[in-house]
Each structure stands twice: as structure tokens, then as C-alpha cells.
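This report concerns only the one structure given below.
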Amino acid sequence: MWLPLLLLLPLLLLIIKKMQIRKKGKLPPGPPKLPILGNLHQLGALPHRSTWKLSKKHGPIMLLQLGAIPTIVVSSAETAREVLKTHDLDCCSRPPLAGPKRLSYNFLDIGFVPYGYYWREMRKICVAELFSMKRVQSFQSVREERRLESSFNEQDVFFQKVIDDHLNSGRTMQEHEDIVNDISLAAIDTGALTMIWAMTELARKPTVMKKAQYEIRRCVGKKGKVTDNDFNQLQYLKMIIKETLRLHPPAVLLLPRETVSQIKIGNYDVYPKTRIAVNVWAIGRDPDIWKNPEEFLPERFNNNPIDFKGQHFELLPFGTARRICPGMNMGTAVIELALANLLYHFDWKLPSGVEIDMEEEVSITVGKRSALKLMPINYISEDDKTQGVAEIQFGNF
Numbered sequence: 369m370w371l372p373l374l375l376l377l378p379l380l381l382l383i384i385k386k387m388q389i390r391k392k393g394k395l396p397p398g399p400p401k402l403p404i405l406g407n408l409h410q411l412g413a414l415p416h417r418s419t420w421k422l423s424k425k426h427g428p429i430m431l432l433q434l435g436a437i438p439t440i441v442v443s444s445a446e447t448a449r450e451v452l453k454t455h456d457l458d459c460c461s462r463p464p465l466a467g468p469k470r471l472s473y474n475f476l477d478i479g480f481v482p483y484g485y486y487w488r489e490m491r492k493i494c495v496a497e498l499f500s501m502k503r504v505q506s507f508q509s510v511r512e513e514r515r516l517e518s519s520f521n522e523q524d525v526f527f528q529k530v531i532d533d534h535l536n537s538g539r540t541m542q543e544h545e546d547i548v549n550d551i552s553l554a555a556i557d558t559g560a561l562t563m564i565w566a567m568t569e570l571a572r573k574p575t576v577m578k579k580a581q582y583e584i585r586r587c588v589g590k591k592g593k594v595t596d597n598d599f600n601q602l603q604y605l606k607m608i609i610k611e612t613l614r615l616h617p618p619a620v621l622l623l624p625r626e627t628v629s630q631i632k633i634g635n636y637d638v639y640p641k642t643r644i645a646v647n648v649w650a651i652g653r654d655p656d657i658w659k660n661p662e663e664f665l666p667e668r669f670n671n672n673p674i675d676f677k678g679q680h681f682e683l684l685p686f687g688t689a690r691r692i693c694p695g696m697n698m699g700t701a702v703i704e705l706a707l708a709n710l711l712y713h714f715d716w717k718l719p720s721g722v723e724i725d726m727e728e729e730v731s732i733t734v735g736k737r738s739a740l741k742l743m744p745i746n747y748i749s750e751d752d753k754t755q756g757v758a759e760i761q762f763g764n765f
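Residue numbers (my numbering): 369 to 765.
In C-alpha cells form, the structure reads like this:
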């Protein structure tokens, strides 16, 4: 009977000791917590929404106790700037990305990897080699060609070249393969989810879809497909992608960081070994930044300098600074090309009796709980359209 309590005693003493130490400083506000569990019971199935609701009461810098782990959730552009820019080096540890033996992640994971070899090597490969803007542009022909076997062969050849180029660093083949696989898996998942959310929002707003199709078809004309050379003229399409990433960032809480030294965020003390999560989903719906934040309105980015490349903290779907998503350039290029061709080649409508479900599902990213079902109508010209017979499901990748 007493054995379980005796086993828990060292953990309880450790928690009490840490709490006593931290009482000396000014800690951020937060909701009341239970013994041992802390605030775990308040997260629910959708932590980004739960923490957003709690921040309405406790503020944009909020302290939660997740078991034995103190966790600060920031939910405003100003506090995100402090964490991700001002204190970037002090908050640079975080959990590893999905790897060959670890294909899932959630808000409660407790393993952290420092900003060491793995991340430096990933940035080196991505920024200088794999996903630099120059390299992304050189892949134009590969992106424009959507035949599966040919595309995979091209990808394999390129990945092998990257691995061979880095073997002289003294690292093993397995380490290089792990890094490239991590990047590839992350890019595929997030790109697919963004496509699904974009088509979902466009299906809910047919006038926005028609406006995008008009821009694309006027630009492309009778060439038969959209190419990378067309994108400078597709400004409304770019607005649609920005608006999709504002409302539906794939990593809604980014990947949490961990402090390596004592810092201040706002007027509050933050101690080492504190987890920090940035709720970019909440920032994207902040009424102090965005007018009618729940509405899908691409026009809000017309003549608006805010972009998602890490310089504007109002829109951070890819993060920023040392931990910015290394595949951002490649991911956005693929999304632009795929979405533009879907809208160019087809008109889209909901099948009879089908309604759009906006319920979310959380894993490492946030996707739709149920697949989006749309009916394609083959577009040839204004005078020649044929009804598609297939029903396409966007989702459940």
C-alpha cells in the first residue's frame, strides 16, 4: 500500500524544491494547478486552442506546470519577438524533429536536443545546399514534371549527391541520411496540410477561388500548365497562401524551446530548463493585429509588407532565427506550383449533400480531422468545359 507513495516521494521533493527556488523571482501568471499533474488536465485534445483560451484570462505570457515541467506559452507578436529574437540564443534548445525511429511529436514530449551538431549540420545542408533559393530555382523542371517514378528518381539522385558532398566532414552516412530524411518528411507533411487547408478555405469562399482562377488563367493563357516563371504575376495566389498560413499554420505552437539560462520575458523571470512554446496560431488570430481575424480574407495582404519569412512576428508559420524551418523556400515553392495548377486546370465544387467540416486533428502538425471531398470540373476554355466524373479527397495523407 505504501510502496507507490514511497516511489513518488523523491519526485514530490524535487518539485517542491524547484518551486521554492522559483518563488524568489516574479513568475508569469497562470491558472491554478493540481498536485503532480499541474495544468495537464487543462490542455485537452487541441492544446493550441486551450492555451489560447487560457491566455485570454492570464495574458500573453502565461506559466503552466505540465507535470514536473514548467512551461511558458507566449501568445502575442511582441512576446514572440522577445523569445525568438532578443533571447534566441538563450532559448535555443528544443526537441528533435521527426526522425527514422521517431515519427510523432506532441506538446507534452519532454526530450530536448541542444543547438549542437544536428541543427548546425541541418542548417548548413538546407541553407547552403538543399533548400537555398538558388537550389530551389534549379529544381524548377523537377517540380513542374507531377510523374511519380521520375520525380522520386530525381530526388534520390540529388539526395545522394548531398550525402556524398558531406562525407568529408567525418560524420557517418547514417547521420547524413537521417538529416535529409527528417527534412523530407517534414516538408511533405506540412506542404500537404497547407494545400488541404487552402483548398478547404477556397471551397468555402467560391468568389475567392474564382478570383484566383481568373488571375492564373489570364496569366498562363493556353500554355497548358503553370510554371515557376509565372509566379511573379500571381500576386493574389501568394495572398491566398499567406492567409492560409495565418489561419492554419502547420506547427501551431512551433516546436517548443527550452531555456539554457535565466532571462526575463516582459517583466517576468524565466529560469533555466523552462519550456517555452510560441502559439503562432493565436498570434495569427489576434484582433489587435488582424481585422476580422477569423475570416479568410486574402485581400488583407494587398500592399501589406507582412510576410512569413521570419522577419515579421505577426506571421510566423515557419518560425524565425536559428530555429527557422530550413525547408521554407522549397515548401512554399511546391505549394505555389501545386495550388496554381489545381486552380488552373479545374473548377471545383462540393459533391451533392456534402458539407465542409473544419474540425482539427493534432499530431506533430494540425490537419483536418476528416478529408475534404471536392468534385473537379475539367477546365479547357470558357467555351469548352467538361464535367469531371471523379470525386477527389484532400486529406488523410
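Idealized CB from N, CA, C, for every residue including glycine.
Confirm, please, whether the CB-CB distance from residue j to residue i is below 8 angstroms.
i: Pro-396; j: Ile-429; result: yes
i: Met-698; j: Phe-686; result: no
i: Trp-658; j: His-616; result: no
i: Pro-666; j: Met-726; result: no
i: Phe-664; j: Glu-723; result: no
i: Val-628; j: Ser-418; result: no
i: Leu-622; j: Val-594; result: no
i: Leu-605; j: Phe-676; result: no
i: Ile-674; j: Phe-714; result: no
i: Glu-583; j: Leu-602; result: yes
i: Val-646; j: Leu-452; result: yes
i: Met-577; j: Leu-707; result: no
i: Leu-742; j: Gln-581; result: no
i: Glu-611; j: Arg-668; result: yes
i: Pro-655; j: Val-734; result: no
i: Lys-401; j: Gln-433; result: yes
i: Leu-772; j: Gly-435; result: The requested residue 772 is not part of the displayed model; the chain covers only 369 to 765.
i: Gly-592; j: Val-702; result: no
i: Pro-438; j: Thr-642; result: yes
Is it right to say residue i is buried, meaning 16 or more other beta carbons lie within 10 angstroms of its own, or is it exposed?
i: Ser-423; result: buried
i: Ala-345; result: Residue 345 lies beyond the residue range present for the chain, which begins at 369 and ends at 765; the question has no answer from this structure.
i: Ile-644; result: buried
i: Ile-633; result: buried
i: Pro-719; result: exposed
i: Asp-598; result: buried
i: Ala-413; result: exposed
i: Ile-440; result: buried
i: Thr-575; result: exposed
i: Lys-736; result: buried
i: Thr-700; result: buried
i: Pro-694; result: buried
i: Gln-679; result: exposed
i: Pro-640; result: exposed
i: Asn-407; result: buried
i: Ile-609; result: buried
i: His-455; result: buried
i: Gln-630; result: exposed
i: Arg-572; result: exposed
Could you have a look at residue i and say whether DSSP puts it in helix, strand or coil?
i: Leu-622; result: coil
i: Val-722; result: coil
i: Asp-596; result: helix
i: Pro-673; result: coil
i: Leu-665; result: coil
i: Lys-573; result: coil
i: Leu-411; result: coil
i: Thr-394; result: Per the sequence presented here, residue 394 reads as Lys, with Thr not at that position. Lys-394 falls in the coil class under three-state DSSP.
i: Leu-561; result: helix
How would you write the range of the beta strand (DSSP E) that residue i sits in, first residue to last?
i: Ile-590; result: The question names Ile, but residue 590 is Lys in the sequence shown. Element bounds for Lys-590: n/a, residue is neither H nor E.
i: Lys-736; result: 734–736
i: Glu-729; result: 728–730
What span of residues does the alpha helix (DSSP H) with residue i cover, start to end?
i: Glu-704; result: 696–713
i: Leu-452; result: Looking at the DSSP string, Leu-452 is not in any alpha helix (DSSP H), and its letter there is neither H nor E.
i: Glu-611; result: 603–615
i: Lys-632; result: First-last for Lys-632: 631–633, but that is the beta strand (DSSP E), not the alpha helix (DSSP H).
i: Pro-415; result: 415–426
i: Ala-650; result: 648–651
Across which residues does DSSP place residue i in a beta bridge pair?
i: Leu-431; result: Ile-440
i: Arg-643; result: Thr-439 and Glu-626
i: Asp-656; result: According to DSSP, Asp-656 bridges with nothing at all.
i: Leu-402; result: Gly-406
i: Tyr-636; result: Ile-633
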